[in-house]
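Numbering (the working numbering), first residue to last: 15 to 231.
Just so you know, even glycine gets a beta-carbon here, dropped at the ideal spot from N, CA and C.
All figures in this text were calculated on a predicted structure; none of them were measured in a lab.
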Amino acid sequence: MSDNQEKEQPRRRQARGERRIAQLLEAAATVFCTTGYTAASTNAIAREAGVSPGTLYQFFPNKEAIAIELGDRLMHEMRETYGEALAPVDPATPLEEAVGAAVDRFIAFNCEHPVFFALMHGPDIPGRISEEHDALHATLLARIEGLLSSFLPDAPPADLARTANMCLGMYKAGLELALGHEGAERDAYVQELKNALIRYLEPLVGDRLGRPARTRS
């Protein structure tokens, strides 16, 4: 066997392993969405993936390890999503446009990966996922506060934190409603969520981000 052939074999094995892991994670996502994390089993995941339980155990020792790997990958992608969604905006941007663009990115991510909501909001998720989600939540709040501070420069930090928490809380409630529906009804709930956020923020920032905020009563 030539040196090149010897080098190719581990690469092929690694590629096959990556494909198998992706296959198992996709199957796990389906099972977690269908039954919830607590009721899911490695046997059900293996069956969904079309492999034997023994094959699954070559890659993951238990369902918690599968959920953690799936959660890690999703949270990495989620961080990229909110980095784009909450990037600094031109102060002349209409509030409706800024809110709509951010909500659309987050909704699209959750619709594409429904298991993210199922894992992050389940009653019995692994501790490591819970810790990482808490860190993600804190970072997300900080990004929202940073975005708000750019067009509410005179607002006290406590007000910014409160407004950011309200925006995130409204988004989570709207997301759960939107994910509970499909098609035109889902679109209608997404629009209601945008309307609620715009009507909440407009008295504070005006219809354009660059306008002076009105004082809180």
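Measuring alpha carbon to alpha carbon, tell me which of the options ends up nearest residue i.
i	options	result
A36	Y51, L70 and S55	L70
A132	A202, L207, L189 and A210	L189
V204	P217, L215, A41 and A187	A187
G160	A149, L174, H147 and D168	L174
D104	E196, L162 and H135	L162
Excluding five sequence neighbours on each side, which residues of the same chain lie with their C-beta closer than 6 Å to the C-beta of residue i?
i	result
R200	A192
A210	M184
I121	V204
Y214	none
With a threshold of 16 other CB atoms inside 10 Å of the CB of residue i, please say whether the residue is buried or exposed.
i	result
G141	exposed
T49	exposed
G257	What the structure shows of the chain is the stretch from 15 to 231, and residue 257 is not part of that stretch, so it cannot be assessed.
T52	exposed
A54	buried
G97	exposed
A172	exposed
A41	buried
Is residue i a contact residue of the ligand FMN, with contact defined as CB to any heavy atom under 7 Å?
i	result
I80	This structure lacks the ligand FMN; in fact it carries no ligand of any kind.
Sorted by chain position, which residues of the same chain lie with C-beta nearer than 7 Å to residue i's C-beta, five sequence neighbours on each side aside?
i	result
I158	L100, A178, C181 and L182
P128	C47 and L193
S231	Bear in mind that a pLDDT of 44 at S231, under 50, signals an unreliable position, so the model cannot answer this.
N76	T56
Please tell me whether residue i and residue j are closer than 8 Å, where the distance is taken between their beta carbons.
i	j	result
M92	F123	yes
E32	T44	no
R34	F74	no
R119	T153	no
P67	S164	no
I212	E145	no
L150	L218	no
Tell me which same chain residues have a C-beta within less than 8 Å of the C-beta of residue i, skipping the five on either side of it?
i	result
A29	none
K208	E110, V113, G114 and V117
Item checked: the stretch 73-89 / the stretch 107-117 touching (three or more Cβ pairs under 8 Å) -> no
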